[in-house]
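All letters in the sequence shown, in the order written, are residues 1 to 718 by full-length UniProt numbering.
Each residue gets a CB set at the ideal place from its N, CA and C atoms; glycine is no exception.
Presented below is the structure to which this report refers.
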Amino acid sequence: MAPGVTSGPAPPPSGPAPWGGLAVWSGAAETGLSVAASCRSAPRQAAWGSAGEARRAGARYLCLWSSLSGGAAATRTCGLANPAGEVFAICGSCDALGNWNPQNAVALLPENDTGESMLWKATIILSRGISVQYRYFKGYFLEPKTIGGPCQVIVHKWETHLQPRSITPLESEIIIDDGQFGIHNGVETLDSGWLTCQTEIRLRLHYSEKPPVSITKKKLKKSRFRVKLTLEGLEEDDDDRVSPTVLHKMSNSLEISLISDNEFKCRHSQPECGYGLQPDRWTEYSIQTMEPDNLELIFDFFEEDLSEHVVQGDALPGHVGTACLLSSTIAESGKSAGILTLPIMSRNSRKTIGKVRVDYIIIKPLPGYTCDMKSSFSKYWKPRIPLDVGHRGAGNSTTTAQLAKVQENTIASLRNAASHGAAFVEFDVHLSKDFVPVVYHDLTCCLTMKKKFDADPVELFEIPVKELTFDQLQLLKLTHVTALKSKDRKESVVQEENSFSENQPFPSLKMDGMWDGNLSTYFDMNLFLDIILKTVLENSGKRRIVFSSFDADICTMVRQKQNKYPILFLTQGKSEIYPELMDLRSRTTPIAMSFAQFENLLGINAHTEDLLRNPSYIQEAKAKGLVIFCWGDDTNDPENRRKLKELGVNGLIYDRIYDWMPEQPNIFQVEQLERLKQELPELKSCLCPTVSRFVPSSLCGEPDIHVDANGIDNVENA
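Following this line, the structure appears as structure tokens:
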């Protein structure tokens, strides 16, 4: 298997990863194949024709109707009616429906508008007697980048039911009313889209390090401010808005988000004077655009207390100044993330009255890979007993009081955990100097130089993992940085054999201003994630995979770049063990929940220390629709694990899983066996098949484990 197939989140040896990089968990003992999708040159409109023509062609004439409440659905999600040019479309499992590729989807046409709902309709020719699965989505069909090239499709909302809609055409003509968009079998399941061809710019104002606004004018030094962002770009011609059957240019979109311990708010409009800046609140502006280097972003600042004299009839009372940012400035920097300082110009005199610090990230679509609509587990989690997850495989082998007997983050360690019933194995992923994903925990490693004489003392050299090529990492003897503190360094020198795959990179800034591993710079965030995500998506097969990271921006970017796998936000909350991180979103478990809700993540991976101190966080997370896992040295205590399971956590990450569980199948394998027993009567009398060496005799006579009709999460039905 190629380097970089699966992985998972892990806390660092001496504390929560002061980096924020990516981590992936892989379900144990899963295999599968990747699926390729085809592309077409343009979106296909409804294939209109008579039923007689369809019968003469020997095919099935299928008329799919969907009474899709365009305006109503939009009201629930963003408070606006459908933007001009936005259409509903259908994508499915056959050629006529695009083979799950949204670029080849069929756009539905609006038939009538009753005021409350609009009927969208398409007529499609399908093969006789062949079952077809399909989903609806809402978005834009845009002009191709090149003449004769494929159209560009932007997905705003799409149906993500575990089991898609389906039909097997057996008659000459079939007319189907699919009801309301997003509702299938009485259940509403909609998810936001992902970046397909558009770029997302995130601008943030927050107090993580210092106040974002600094005023030099004496009268305003103690004032509190409200900020409003105005977005200016190229204007659309009126001719572009003729009908929904015409390919459109995407209009720029702006969303304003306010995140705090207590709540998160998302708005597509702002008050006339904007929103106030608060020390405990994260303010974020999200802009999606097809022209990321051709925008003018204007920040208007308003004084909340109005100490300045207000002129009667003033259209903008309290307006004190403006700061302007050209998106080309960000594009020319070539960086995916950074901080810009902009001058604030006085409203009247046009003199500088202060400055504003704008934190930004740029999220680009995943290049060279097309996400399909066949399945999505981004927000799916099947209710079941708490899962056991192997930390770095079989456990930490470098820094804890009881070291794992197998070297961490190695294939042997991952297999050991899998054979002892681990539902997932968690491990860490970096990139080598030549951009190969590798499994390793720390940002830096220690090398031992070969000595002329064996009697010479061992000398260790610390070097960033990113400065070594993949071949060098395979050839050299490596040891963790913590070996520098070892009494006998020779015992800590190990050969990292079979290292391949993923890690937790991006250094994180701590409150004391220090970066983890003294690495203030790392790989470009988009480049780093594109390599790892593409490797995972192309090699994942039917594995269950969960991404997670201590870096909130990494979680955001993974969510926007792919539509298949879920993400958990790793957070330490308030800790007496680890130093506080600079990022406001990482400082408390409640604000981590708000962030996960805002980004539509699966949930959070909280520090056990914080959960034991505040057990109410577990039910609070669940009440907000979040999955909650836990990590940390405290999780190694079996009594703590028992308590956390009783409190309702969904999963626990801990060391030395082999000390507590015998060799046995994991819960997913047991569920699969139970499902097979139900489907194949001849297996009902055989509870303990001999084909698997992982099935213990203790399974005999145990009660059946209930499996619902939806099957196993993160695995397509056989």
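Spatial neighbours of residue i within its chain, please: C-beta separation below 7 Å, excluding the five flanking residues on both sides.
| i | result |
| --- | --- |
| Leu326 | Glu296 |
| Thr588 | Asp261, Gly573 and Lys574 |
| Ser376 | Thr160, Asp191, Asn563 and Lys564 |
| Leu611 | Tyr617, Ile618, Cys630 and Leu644 |
| His184 | Glu159, His161 and Arg165 |
| Ile567 | Phe547, Ser548, Cys555, Val558, Arg559, Leu601 and Leu602 |
Beta-carbon within less than 8 Å of residue i's beta-carbon, same chain only, minus the 5 sequence neighbours each way: which residues are those?
| i | result |
| --- | --- |
| Ser333 | none |
| Ser69 | The pLDDT assigned to Ser69 is 41, lower than 50, so where the model puts this residue is not dependable; a value taken from the coordinates is nonetheless given after this. Here the set comprises Glu116, Ser117, Met118, Gln180 and Phe181. |
For the ligand ADP, is there a heavy atom less than 8 Å away from the beta-carbon of residue i?
| i | result |
| --- | --- |
| Asp191 | With respect to small molecules bound, the structure shown includes none, and the ligand ADP cannot be examined in it. |
Can you tell me whether residue i is buried or exposed, with buried defined as 16 or more other CB within 10 angstroms of its CB?
| i | result |
| --- | --- |
| Thr341 | exposed |
| Trp660 | exposed |
| Gln560 | buried |
| Gln678 | exposed |
| Val227 | buried |
| Ile577 | exposed |
| Asp428 | buried |
| Leu537 | buried |
| Val155 | buried |
| Asn640 | buried |
| Arg135 | buried |
| Leu366 | buried |
| Arg543 | buried |
| Arg128 | exposed |
| Thr289 | buried |
| Asn101 | buried |
| Asn112 | exposed |
| Leu649 | In the sequence as displayed, the identity of residue 649 is Val instead of Leu. Val649 is buried by the Cβ-count criterion. |
| Ser594 | buried |
| Gly186 | exposed |
| Phe461 | exposed |
Which residues in the same chain as residue i place their Cβ atom closer than 6 Å to its Cβ, once the five residues preceding and following it in sequence are excluded?
| i | result |
| --- | --- |
| Ser328 | Asp293 |
| Met557 | Ile363 and Leu529 |
| Lys157 | Lys138 and Leu190 |
| Gly632 | His607, Thr608 and Glu609 |
| Asp359 | Arg204 and Ile339 |
| Pro211 | none |
| Ser349 | none |
| Val213 | Phe225 and Val356 |
| Lys217 | Ile353 |
Could you check where the beta strand (DSSP E) with residue i kicks off and where it finishes?
| i | result |
| --- | --- |
| Arg165 | Arg165 to Ile167 |
| Asn605 | Gly603 to His607 |
| Ile256 | Ser253 to Ile259 |
| Asp300 | Glu296 to Glu303 |
| Gln152 | Gln152 to Glu159 |
| Asp583 | Here Asp583 belongs to no beta strand (DSSP E), and DSSP marks it neither H nor E. |
| Gln198 | No beta strand (DSSP E) holds Gln198; DSSP gives it neither H nor E. |
Using 8 Å for Cβ pairs, my map puts residue i next to residue j. What's the rounded Cβ distance?
| i | j | result |
| --- | --- | --- |
| Phe264 | Gln597 | 5 Å |
| Ile344 | Gly321 | 4 Å |
| Ile353 | Asp553 | Not really, about 31 Å apart at Cβ, beyond 8 Å. |
| Ile256 | Gln270 | 6 Å |
| Glu426 | Ile618 | Not quite, the Cβ-Cβ distance comes to about 20 Å (not below 8 Å), so this is no contact. |
| Pro169 | Leu126 | 5 Å |
| Ile124 | Ala105 | That pair is no contact at about 11 Å. |
Using the three-state DSSP reduction, which class does residue i fall into: helix, strand or coil?
| i | result |
| --- | --- |
| Ile339 | strand |
| Pro437 | strand |
| Lys222 | coil |
| Met118 | strand |
| Arg559 | helix |
| Phe137 | strand |
| Arg347 | coil |
| Ser192 | strand |
| Ser372 | The amino acid occupying residue 372 in the given sequence is Asp; Ser does not appear at that position. Looking at Asp372 - three-state DSSP - the assignment turns out to be coil, as it is neither helix nor strand. |
| residue 721 | With the chain covering only 1 through 718, there is no way to say anything about residue 721. |
| Leu205 | strand |
| Arg544 | coil |
| Glu111 | strand |
| Lys355 | strand |
| Asp530 | helix |
Could you give the residue range of the alpha helix (DSSP H) that holds residue i?
| i | result |
| --- | --- |
| Tyr617 | Ser616 to Ala623 |
| Pro590 | Thr589 to Phe598 |
| Phe461 | Per DSSP, Phe461 belongs to no alpha helix (DSSP H); it is in the beta strand (DSSP E), Leu460 to Pro464. |
| Arg642 | Pro638 to Leu647 |
Measure from the C-beta of residue i to each C-beta in chain D and report whether the shortest distance is under 9 Å.
| i | result |
| --- | --- |
| Ser93 | Of the protein chains in the structure, only one exists, and it is not chain D. |
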